[in-house]
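Here the structure is laid out as structure tokens; the discussion comes afterwards.
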Amino acid sequence: MKYYLLLFFCLNLGRLFAYQTDNSLLGLKSDTNTVNELNKLGYNNRLTDPEQTIITAKKAIKIAADINYNNGLAESNRVLGIGYYYLNQRDTALNYYLTALNLFKKNANQLGEAKVSNNIGNLWLDIDYDKALNYFENTLKIAQKYNIKELIAGSYLNIGNTFSRKKNYNFALSNYEKSSQIFNEINNPVGITQSLQNRGVIYFSLNQFNEAEKLLLEANKKAKEFELNGSVASINLTLTSIYIARGAFDKAEEFLKEGVAFSKLVNDEKRLYDYTFTSYELEFKRKNYQKAISYLKEVHEQDSVNFKRNIASNINLIQETLKQQQQQKENELTIANQRNANTLFIASAIVAILSFFVIFLLIRINKKSSESNKALTSLNQEVSFQKDNVDRINQKLEEIITERTKDLIYKNQKLSEYSSHLSHQIRGPVATLKGLVMLILGNMVESKDVIPQIKKCVDEIDDQIMDINQALHDPTRLHLHSK
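Under mature numbering (1 follows the signal peptide of the UniProt record, and there is no 0), residues -18 to -1, 1 to 465 are what the sequence shown spells out, in order.
What follows is the structure in structure tokens.
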């Protein structure tokens, strides 16, 4: 008994030094690094001292809000929710998770959303297995997308927890082994310890006590090494049950007392209730019925209180979830309306710009049309003027043509007369000359006898030719003179 009192004192002394260490961080300047360090410290304390997790997270929230560090503020709210989760205040934890989720969504931080989804899944783990599984699988999907190994391993671990509660031990064990492998690769002592513990619980449920004991003792050792007080309390509970089943009551009592001390250290009321019931089982197996009845009575009293508290917590959890879903729908509707309004505004702006452009084009086209009309009017006037000139020229040409035609008719007439005149007035003397020539050539007459006749014919021909020449060049004469 003295050993456990000393242990309890030393652990509380460790907590005091932890508080002093945390307070020393507050001397740092208010910046993002300080927020990140406080969040990391608070998260690491979740299994050692969840109350200190809450204190540290609240300090981080204040600094993050002061410097407007939204991602840090979201993570601080998530860590604060984790602190309340480990104190079994699930409805309070959910409020902070939902706050963190909204902040991560506003900052489009998918990894942050995945972490919160994982935390909310843990809240549903004891209420609705399928709902919890959906959260864990969603987290795993995002973690694999960004290849965040720690989150992948944690998702496999929680999926294993879900199948374990469904009593599907083979699937649970498969997921625990996947998480264990990754936790060992990245050397995560907390994850390694939890994987050992969870596999030990599976083997205990399968009544493979030797394998379960081996894994749980190793997990107990690592949990103490890294001061995972909550894990020690949980591991010892299963070890106590193993030793009770084996009939090793003294050893069972040893781990039971140690587990109670660690449960009190982390203020885990649920785990203390579990230890009270395990104490009843231990004393009942020892056939110490009077003591067993006293534990059973205490369990019954705690059952009544815990039942009411759990019912209230579950109702609050469901109400908060429904409220968050409703809020999310309203937010989505608001976002949709804003998008529609933005789309309408953009469309209106585009229509206005196009209208302005069309009006500008119409004005420009109208101006060009006016200029074109003016040019066309000027051209039409020029064309009309040219047409008048052409008409005058055509009229002149027609007159010339008419005169030329008359002249040609007149000349053709004269040519016709000349042709006729040649045939009648000139051909006669020519024929006479021809006959006289033939007579001379035929020696039928003397040359001197026909010379007067030849002279007369030549004179007639000459007169006719002169008359024709005068008639052709004298427009006043209409006809040739016939003799």
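No residue lacks a Cβ here, since even glycine has one placed at the ideal position from N, Cα and C.
In this text, all values refer to a predicted model and were calculated from it rather than measured experimentally.
Item	Value
Reference residue 149, options 88, 91, 186 and 206, closest by Cα	186
Neighbourhood of residue 265 by C-beta distance below 8 angstroms, restricted to the same chain and skipping five residues each side	271, 273, 274 and 277
Outcome for residue 353 when other beta-carbon atoms lying within 10 angstroms are tallied against a minimum of 16	exposed
Distance CB(residue 224)-CB(residue 205) smaller than 8 angstroms	no
Through-space distance from residue 250 to residue 238, alpha-carbon basis	15 angstroms
Nearest to residue 68 (by Cα), restricted to the options 215, 42 and 96	215
Spatially closest choice to residue 12 from 269, 351 and 49, by CA coordinates	49
Contact with chain B by residue 343, beta-carbon distance below 8 angstroms	Judged by its chain identifiers, the structure shown contains no chain B, having just a single protein chain.
8 angstroms contact criterion, which residue 72 and residue 107 should meet: CB distance rounded	With a Cβ gap of about 10 angstroms, residue 72 and residue 107 do not count as contacting.
Where the alpha helix (DSSP H) containing residue 416 begins and where it ends	409 to 423
Simplified DSSP assignment, three categories, for residue 370	helix
Separation of residue 70 from residue 32, as counted between CA atoms	10 angstroms
Where residue 27 sits in the DSSP three-state scheme	coil
CB of residue 160 within 8 angstroms of CB of residue 226, strictly	no
Residue 51, DSSP secondary structure in three states	coil
Sequence-distant residues of its chain with Cβ nearer than 7 angstroms to residue 111 (five each side left out)	144, 147 and 148
Spatial neighbours of residue 427 in its chain, beta-carbon cut-off 7 angstroms, leaving aside the 5 residues before and after	421
Reduced DSSP category for residue 143 - H, G, I as helix; E, B as strand; rest coil	helix
DSSP three-state assignment for residue 438, whether helix, strand or coil	helix
Any 3 or more C-beta pairs closer than 8 angstroms across the region 72 to 85 and the region 114 to 133	no
Inter-residue Cα distance where the pair is residue 348 and residue 52	58 angstroms
Span of the alpha helix (DSSP H), counted from its first residue to its last, around residue 184	171 to 187
For residue 216, the first and last residue of its enclosing alpha helix (DSSP H)	211 to 228
Cβ pair residue 155, residue 184 closer than 8 angstroms	yes
Alpha carbon of residue 171 to alpha carbon of residue 94, nearest angstrom	22 angstroms
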